[in-house]
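Student:
Chains as they are written, first to last, in the numbering used here: chain A, 125 to 342; chain B, 4 to 167.
1. With a threshold of 16 other CB atoms inside 10 Å of the CB of residue 146 of chain B, please say whether the residue is buried or exposed.
2. When burial is assigned at 16 or more other CB atoms within 10 Å of the CB, is residue 144 of chain A buried or exposed?
3. Between the segment 133 to 148 of chain A and the segment 182 to 200 of chain A, can you find at least three pairs of beta-carbon atoms closer than 8 Å?
4. Output the distance between the C-alpha atoms of residue 137 of chain B and residue 60 of chain B, rounded to the nearest integer angstrom.
5. Determine the DSSP secondary structure at residue 86 of chain B, reduced to helix, strand or coil.
6. Under 7 Å between the Cβ atoms of residue 129 of chain B and residue 143 of chain B?
7. Would you check if the distance between the CB atom of residue 254 of chain A and the CB atom of residue 314 of chain A is smaller than 7 Å?
8. Hey, out of A:329, A:262, A:289, whose CA is closest to residue 236 of chain A's CA?
9. For my contact list, residue 82 of chain B and residue 193 of chain A are in at a C-beta cut-off of 8 Å; report their separation, rounded to the angstrom.
10. For the segment 236 to 246 of chain A against the segment 197 to 207 of chain A, are there 3 or more C-beta pairs whose distance is under 8 Å?
11. Name, please, each residue of chain A whose Cβ falls closer than 8 Å to the Cβ of residue 42 of chain B.
12. Closer than 6 Å to a non-hydrogen atom of the ligand FAD - does that hold for the CB of residue 311 of chain A?
13. So with CB distances below 9 Å, who are the chain B contacts of residue 205 of chain A?
14. CB-CB under 7 Å to residue 310 of chain A, same chain, minus the five flanking residues each way: which ones, in chain order?
15. State the Cα-Cα distance for the pair residue 182 of chain A and residue 263 of chain A, rounded to the nearest angstrom.
16. Please report the Cβ distance between residue 272 of chain A and residue 298 of chain A, rounded to the nearest whole angstrom; I am assuming they are in contact, meaning their Cβ atoms lie under 8 Å.
17. Using 7 Å as the limit for Cβ to Cβ distance, is residue 81 of chain B near chain A?
18. Cβ of residue 259 of chain A less than 7 Å from any chain B Cβ?
19. Could you check whether residue 151 of chain A and residue 325 of chain A sit closer than 7 Å to each other, using their CB atoms as the reference points?
20. Buried or exposed for residue 341 of chain A, please, with buried defined as at least 16 other CB atoms from any protein chain shown within 10 angstroms of its CB.
21. Quick one, which of B:156, B:164, B:53 has its alpha-carbon nearest residue 149 of chain B's?
22. Starting from the C-beta of residue 222 of chain A, find all residues in its chain whose C-beta is less than 6 Å away, skip the five residues before and the five after it, and write them out in chain order.
23. For residue 15 of chain B, collect the residues of the same chain with a Cβ closer than 8 Å to its Cβ; drop the 5 residues on either side in sequence, then sort them by chain order.
24. Determine the closest residue to residue 46 of chain B out of B:152, B:125, B:80, with distance taken between C-alpha atoms.
25. For residue 117 of chain B, does the count of other Cβ atoms within 10 angstroms reach 16, so buried, or fall short, so exposed?
26. How is the alpha helix (DSSP H) around residue 340 of chain A delimited, first residue to last?
27. Please list the residues of the segment 242 to 259 of chain A that have a C-beta atom closer than 9 Å to any C-beta atom in chain B, keeping them in chain order.
28. Between residue 112 of chain B and residue 91 of chain B, which are expected to be in contact by the criterion C-beta below 8 Å, what is the C-beta distance as a whole number of angstroms?
29. For residue 170 of chain A, decide whether its Cβ has a neighbour in chain B, counting only Cβ atoms nearer than 7 Å.
30. Would you mind sorting residue 124 of chain B into buried or exposed? The rule is 16 or more other CB atoms within 10 Å of its CB.
31. Measure from the C-beta of residue 86 of chain A to each C-beta in chain B and report whether the shortest distance is under 7 Å.
32. Please tell me whether residue 267 of chain A has its Cβ less than 7 Å away from any Cβ of chain B.
33. Does residue 182 of chain A come out as helix, strand or coil in the three-state DSSP assignment?
34. Name the DSSP bridge partner or partners of residue 123 of chain B?
35. Please list, in chain order, all residues of the same chain as residue 276 of chain A whose beta carbon is under 8 Å from its beta carbon, the five residues on each side excluded.
36. How would you list, in chain order, the residues of chain B whose beta-carbon sits under 7 Å from the beta-carbon of residue 310 of chain A?
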């Protein structure tokens, strides 16, 4: 067992990765500093449960509502998987937001961590985007009209509003095209971008270390 | 770390490792099993492809003349419902024998009709003909009309519907 580990360790540098990523030196901090990890954990949970939901979910007006209904009533533990995805989504937005407030109030966004803050801001927008696109997918009355209102609000932007609204909806109406592109955004485009940005975000946290709690004389 | 390796007592670290492995396995199973179930649960439903279909009281069927009984059956797979319509010719014979033939032509699945004047089943698609017991008289069908297993309970006729 030890020999097997050593063989891989020598070639992959597992100990080094462990020491760099997890055995970092950190200042004395408090529980507010756990929110980044909490966000990452929730994001991974969303990914896992989201992949599982895609086993049964069909993004078409004919089947979306019924397939979600089937997940809830016909599939064993479907309620659990969807429940985690549903509540995890709200929790992720909350966690990301409080994480941002912590960084803001501790002034942790300052030099040399400005770009970490920028990537974090992008991640906040991506998280909200995932929430917005995911909300339509059950294709019930609430999700349909919420998306109607949401895209309508985009349409009120001066000049380009109508154009952006038509891009979001895939036409002038909220239709099957909207459902398909929201699904694509929700499971492919936004997660792919988010993974890149999360990677950058974490790289910078590891590279720069985390800031300490500001002292009175600072 | 300076412990004698031949000692049978376990140190604190070893104890924690064992307990963590044990608890971790239990927690992993508790979390993992529902997810495995989630994947395989539609596969766990047994064969629902057979059923006894009630065709009503036996007296309703005249003796010696094949009588058509139509019914539809709805199948549910996941969230999808599909209806199939079936036609069955019930032939009641003088000796009390009852046979049920599918009205689906064995050639290309057109529906056959009973022609009382010729005493034969006629398929409109390719002019095939079957006799009263479903045997091929003329035309392209490769085999006689399919027959359903029948049973009579309390004067009611049932046929055994197998799909697949």
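Glycine residues also receive a C-beta, built at the ideal position from the N, C-alpha and C atoms. Since the model is a prediction, treat every value here as computed from it, not as a measurement.
Tutor: On the basis of the coordinates in this document:
1. exposed
2. exposed
3. Verdict: no, contact absent.
4. 23 Å
5. Residue state for residue 86 of chain B is assigned as strand, using DSSP reduced to three classes.
6. yes
7. Closer than 7 Å, so yes.
8. A:329
9. 6 Å
10. No, the segment 236 to 246 of chain A is not in contact with the segment 197 to 207 of chain A.
11. 176, 179
12. The ligand FAD is not among the ligands present in this structure, which contains no ligands whatsoever.
13. Those are 37, 38, 41, listed as they occur along chain B.
14. 254, 257, 258, 261
15. 11 Å
16. 5 Å
17. yes
18. no
19. No.
20. Classification of residue 341 of chain A: exposed, given that the 10 Å Cβ count is below 16.
21. The shortest Cα separation from residue 149 of chain B among B:156, B:164, B:53 belongs to B:164.
22. 159
23. none
24. B:80
25. buried
26. Element bounds for residue 340 of chain A: n/a, residue is neither H nor E.
27. none
28. Between residue 91 of chain B and residue 112 of chain B the Cβ distance is about 15 Å, and since that is not below 8 Å, they are no contact.
29. no
30. buried
31. A question about residue 86 of chain A goes unanswered here, because the residues of chain A that appear run from 125 up to 342.
32. no
33. coil
34. B:118
35. 289
36. Close to residue 310 of chain A, with beta-carbon spacing below 7 Å, lies no residue of chain B; the smallest spacing is near 20 Å.
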